[in-house]
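**Student:** The structure's right below; bear with me while I get my questions together.
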Amino acid sequence: KVDPRVRPGKGLAMPMILIATAQTLRRAVADPAPYTAWIDRCIAEIQRDFMKPEWQAVLETVGPSGEFQDHMDGRLLNPGHAIEAAWFILHEAKLRGRDQRLIELGTTILDWMWEWGWDDDYGGIIYFRDVKGWPVQEYWQDMKFWWPQNEAIIATLLAYQLTGDPKYADWHTRVHDWAYAHFPDPTYGEWFGYLHRDGRVAQQAKGNLWKGPFHLPRMQLTCWQLLTDMAEDEAGQ
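Counting along the sequence shown from 1, when you hit position 117 you're at 822 in the working numbering, and nothing is skipped either side.
As C-alpha cells, then:
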C-alpha cells in the first residue's frame, strides 16, 4: 500500500507473484509480448527495490521507492518467500533459452536467502529473520512451515539444472531429505503443516485457511518435470 494517511510501503509478494501469473497467462495467448514486458518490469523491481547487497538479503517490505524502513516490518526477511521468487526468475531464464543474466540474478537471491534461512542446528528453512538480527514480531518466527521447504526444494533443483553447480545438488538433497523426514504423516499420509524449530510436529492439522493443496503438489509436479527434463538431456548427450 502507498497511502499518505498510513505508513507507506510495498511488499515483495506483488512483483514476485505477477511473474508466475504472467508466465502462466503467456502460454494461453497469441501475443506473449505484453506478458513478457510485465515479467521484465517485475524482475527489475525486485532487483532494484527489494535486493539489498549491503546485507546480501531480499527484504519482504520496503518503502514506495525501495527505501529501507528501520522497523520490525521493514527489517523482516522471509527466506522461503524470497527463494520462491528466485525460482520464478530461474524459470523465466530457462524459458528464455537459459538467459545468463537471469540465471545469475535468480541464483544470487537463492544464495543469499539460503544463508539466511537454512537452520544449521536443526535443518530446514526458518520462517522469519530480522536483517539486523533483532527480535522478530511474530511468535512463529523460528518454526518450520511446510511451504518454504517446498519452494527451496524446487529452487535448488532448478538452480542445479541451469548451472550444474554441485552446491545446489547438495542443498537440494539437504532440504528434500529433511522435509521428507519430518513433514509426512507416516500413518495417514499427506504432510503436517507446522513444525517446531527442532522438527517436532507443532499441531496435526493438514489443512486450514492457509495450508491447501497448492505448494506441496506444485513442488512434486515441478520437480518431476525438472527431473524428466534432466534425464532427457542426459540421454541426448
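All C-beta atoms, glycine included, are put in the ideal place defined by N, C-alpha and C.
1) Along the beta strand (DSSP E) that carries V906, what are the first and last residues, could you check?
2) Answer yes or no: does any C-beta atom of chain B fall closer than 8 Å to that of E772?
3) Alpha carbon to alpha carbon, what distance is there between L810 and E655?
4) For the segment 748-757 and the segment 706-724, state whether three or more C-beta atom pairs, one from each stretch, are separated by less than 8 Å.
5) Could you name the residues that DSSP lists as bridge partners for W792?
6) Rounded to the nearest angstrom, what separates W876 and T861 at their Cα positions?
7) Pull up the distance between the alpha-carbon of L795 and that of Y873, whole angstroms please.
8) For V880 versus I831, is the C-beta spacing smaller than 8 Å?
9) Within 10 angstroms of the Cβ of R780, are there 16 or more other Cβ atoms? Answer buried if so, exposed if not.
10) When DSSP labels each residue in this structure, what does L764 get in the three-state scheme?
11) Between L863 and L807, is the Cβ-Cβ spacing less than 8 Å?
12) For a test of the three-state rule: what should DSSP assign to A935, helix, strand or coil?
13) In angstroms, rounded to a whole number, what distance separates the CA positions of R801 and G869?
14) Over the uninterrupted alpha helix (DSSP H) stretch that includes M873, give me the two end residues.
15) Could you tell me which of E789, Y893, M935 sits nearest to I858, measuring between CA atoms?
16) Using only CA atoms, which one of V734, D890, L926 lies nearest to G912?
17) Looking only at its own chain, which residues have a Cβ that is under 6 Å from the Cβ of G716, when we skip the five neighbours before and after it?
18) Give the DSSP-derived three-state secondary structure of L717 in the structure shown.
19) Does DSSP put F773 in a helix, a strand or coil?
**Tutor:** With the given structure in hand:
1) Segment 906-908, the beta strand (DSSP E) holding V906.
2) Given the protein chain composition of this structure (a single chain), no chain B is represented.
3) This structure cannot settle anything about residue 655, because the visible part of the chain is limited to 706 through 942.
4) Yes, the segment 748-757 is in contact with the segment 706-724.
5) Beta-bridge pairing links W792 to no other residue.
6) Straight-line Cα distance between these residues: approximately 6 Å.
7) So the two alpha carbons sit approximately 13 Å from each other.
8) No, the pair does not count as a contact, with Cβ atoms beyond the cut-off.
9) Residue environment: R780 is assigned as buried (16 or more neighbouring CB atoms within 10 Å of its CB, all protein chains considered).
10) Reduced to three states, the DSSP call for L764 is coil.
11) The Cβ atoms of L863 and L807 lie no closer than 8 Å to each other.
12) Note on identity: in this sequence residue 935 is Met, with Ala being the wrong assignment. Here M935 sits in helix by DSSP.
13) Between R801 and G869, the C-alpha separation is close to 18 Å.
14) It should be pointed out that residue 873 corresponds to Tyr in this sequence rather than to Met. Under the DSSP assignment, Y873 falls in the alpha helix (DSSP H) whose first and last residues are 871-887.
15) Nearest C-alpha to I858: E789.
16) Checked all of V734, D890, L926; the closest Cα to G912 is D890.
17) Within the same chain, Cβ atoms closer than 6 Å to the Cβ of G716 are found at T766, the five residues on either side in sequence being excluded.
18) Of the three classes helix, strand and coil, the one that applies to L717 here is coil, per DSSP.
19) The answer is coil: DSSP assigns F773 none of H, G, I, E or B.
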